[in-house]
Amino acid sequence: MNHLTSIDDVRDNHIDLFNLAYKMSLGQPRRSLIGKVIANLFYEPSTRTSSSFYSAMVKQGGNVIPINNVSYSSVSKGESLEDTILTMANYVDAIVLRSRTKGDAHKARWVSKVPIINAGDGNGEHPTQTLLDAYTIWSHFGDFFGLNIGFMGDLKYGRTVHSLSRFFRQYNVNMVEICPNYRSMGKHTRYETLKEVAKDLDVLYMTRLQLERGAEMDPNYKLTKEEVELFKPNMIVLHPFPRVDEIPKWFDKDSRAKYFEQIQNGLYIRMAILNYLLKNENDS
Ligand code: NCD
């Protein structure tokens, strides 16, 4: 893996990354990225992705150039994405890019001499989120075989579900969509309500309405006590966050609520990704 712009880039080595992330969660290895620098180039807001990459780098002894608000960079003077990448690639060992337009990460990859990590390209993909989502599921169930996975919410515009459903195509899992027709990915069996499938799910992956991508306000999907009562005892509920009002706070204490663990896994997975991409060949 030289770049991570699509989940397809880790089709063959994601288990290595999971094992590395597990080691990271145990506190090893440390300081292996001393002298390395990454740029966090974010054209869209972020809390978890930018901070976890920052922390993942610093915890391994590396450094970060944080460009979290491109209005303070030459982008505000009209500089193209390609020129920004060509420039930054001289200063850093990898670029973490979040952009507004689908396909930008691929564009950046074509011109970059250092690894590009796609941290979300418009309504395209979000592969590092998928790795942490899949790692959370893998940690809980041991493998993916035979799982029933339900995606719920704004599946049309939500990039996290695009990458995650793409990832699971290589596994024997059953995926369903829970959303109105106009919010569908159009890829799996669709249910209008959670009640219809709640009792069968092993994983419920919820998402917010992507208002910034053109989604219009409509009656949102909110988890109700009635639906929760139908859940299996060992199923899990995930959400990439930010949540708006899809998951009420009272559910946070339920043992099936795994979204805070998911956030924590985001750090370990990003430590693993950076380690994998940046560690010198001759380092131990
Ligand atoms: C997601 C994103 O940016 O796509 N957030 C994240 O990275 N955790 C989900 C979202 O914004 O809805």
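If you're matching positions, the sequence shown starts at 657 in my numbering and goes up one per residue.
All C-beta atoms in this analysis are idealised placements derived from N, C-alpha and C, irrespective of residue type, glycine included.
Inspect the beta-carbon positions of residue i and residue j and report whether they are closer than 7 angstroms.
i: arginine 756; j: tyrosine 699; result: yes
i: aspartate 858; j: methionine 891; result: yes
i: lysine 856; j: asparagine 921; result: According to the sequence as given, residue 856 is aspartate; it is not lysine. No, the pair does not count as a contact, with Cβ atoms beyond the cut-off.
i: isoleucine 834; j: tyrosine 847; result: yes
i: glycine 780; j: lysine 763; result: no
i: serine 681; j: tyrosine 924; result: yes
i: valine 714; j: isoleucine 741; result: no
i: leucine 850; j: glutamate 883; result: yes
i: methionine 657; j: asparagine 675; result: no
i: threonine 743; j: glutamine 918; result: no
For the alpha helix (DSSP H) containing residue i, list its first residue and its last residue.
i: asparagine 774; result: Counting along the chain, asparagine 774 falls outside any alpha helix (DSSP H), though it belongs to the beta strand (DSSP E) covering 772-777.
i: leucine 934; result: 915-934
i: alanine 764; result: 760-767
i: asparagine 724; result: Neither: asparagine 724 is in no alpha helix (DSSP H) and is coded neither H nor E.
i: methionine 713; result: 704-714
i: glutamate 732; result: The displayed chain sequence assigns serine, not glutamate, to residue 732. Careful: serine 732 lies outside any alpha helix (DSSP H) and carries neither H nor E.
i: asparagine 630; result: In the structure as shown, the chain starts at 657 and stops at 940, and residue 630 therefore has no counterpart that could be examined.
i: phenylalanine 907; result: No alpha helix (DSSP H) contains phenylalanine 907, which DSSP labels as neither H nor E.
i: leucine 820; result: 815-824
i: valine 666; result: Note, valine 666: premise wrong, no alpha helix (DSSP H); not H, not E.
i: valine 853; result: Counting along the chain, valine 853 falls outside any alpha helix (DSSP H), and DSSP gives it neither H nor E.
i: glutamate 882; result: 881-884
Is the beta carbon of residue i within less than 6 angstroms of some heavy atom of the ligand ATP?
i: arginine 822; result: Ligands displayed in this structure: the ligand NCD; the ligand ATP is not among them.
What's the C-alpha gap between residue i and residue j?
i: isoleucine 910; j: glycine 776; result: The question names isoleucine, but residue 910 is aspartate in the sequence shown. If I take the Cα positions, the gap works out to 30 angstroms.
i: tryptophan 794; j: phenylalanine 800; result: 6 angstroms
i: leucine 933; j: lysine 679; result: 16 angstroms
i: phenylalanine 897; j: arginine 815; result: 12 angstroms
i: phenylalanine 916; j: isoleucine 773; result: 23 angstroms
i: isoleucine 929; j: histidine 844; result: 30 angstroms
i: alanine 854; j: tyrosine 877; result: 13 angstroms
i: isoleucine 903; j: lysine 881; result: 11 angstroms
i: methionine 831; j: leucine 811; result: 13 angstroms
i: asparagine 724; j: serine 707; result: 10 angstroms
i: glutamate 868; j: isoleucine 694; result: 28 angstroms
i: serine 940; j: lysine 692; result: Reliability fails at serine 940, whose pLDDT of 47 lies under 50, so the model's placement of it is uncertain and no value is given.
i: leucine 886; j: leucine 879; result: 12 angstroms
i: valine 829; j: valine 817; result: 15 angstroms
i: glycine 870; j: threonine 863; result: 15 angstroms
i: histidine 659; j: alanine 761; result: 10 angstroms
i: proline 889; j: glycine 683; result: 31 angstroms
i: phenylalanine 907; j: alanine 913; result: 7 angstroms
i: valine 666; j: tyrosine 827; result: 14 angstroms
i: serine 702; j: phenylalanine 797; result: 29 angstroms
i: aspartate 749; j: aspartate 874; result: 43 angstroms
i: asparagine 931; j: isoleucine 690; result: 11 angstroms
Ends of the beta strand (DSSP E) at residue i?
i: arginine 754; result: 750-755
i: leucine 894; result: 892-894
i: asparagine 830; result: 830-834
i: alanine 745; result: Premise fails: alanine 745 is in no beta strand (DSSP E) and is neither H nor E.
i: alanine 695; result: 693-698
i: threonine 784; result: First-last for threonine 784: 783-797, but that is the alpha helix (DSSP H), not the beta strand (DSSP E).
i: asparagine 804; result: 804-808
i: leucine 605; result: The chain is shown only over 657 to 940; residue 605 falls outside these bounds and no answer can be derived.
i: tyrosine 847; result: 845-847
Report the CB separation of residue i from residue j in whole angstroms; it is logged as a contact under 8 angstroms.
i: serine 688; j: glycine 734; result: Not a contact, Cβ separation roughly 39 angstroms.
i: leucine 697; j: isoleucine 751; result: 6 angstroms
i: arginine 754; j: threonine 705; result: 7 angstroms
i: valine 770; j: alanine 745; result: 5 angstroms
i: leucine 860; j: glycine 778; result: 25 angstroms between Cβ atoms; not a contact.
i: arginine 926; j: alanine 790; result: With a Cβ gap of about 14 angstroms, arginine 926 and alanine 790 do not count as contacting.
i: serine 819; j: proline 783; result: 5 angstroms
i: leucine 865; j: valine 900; result: 7 angstroms
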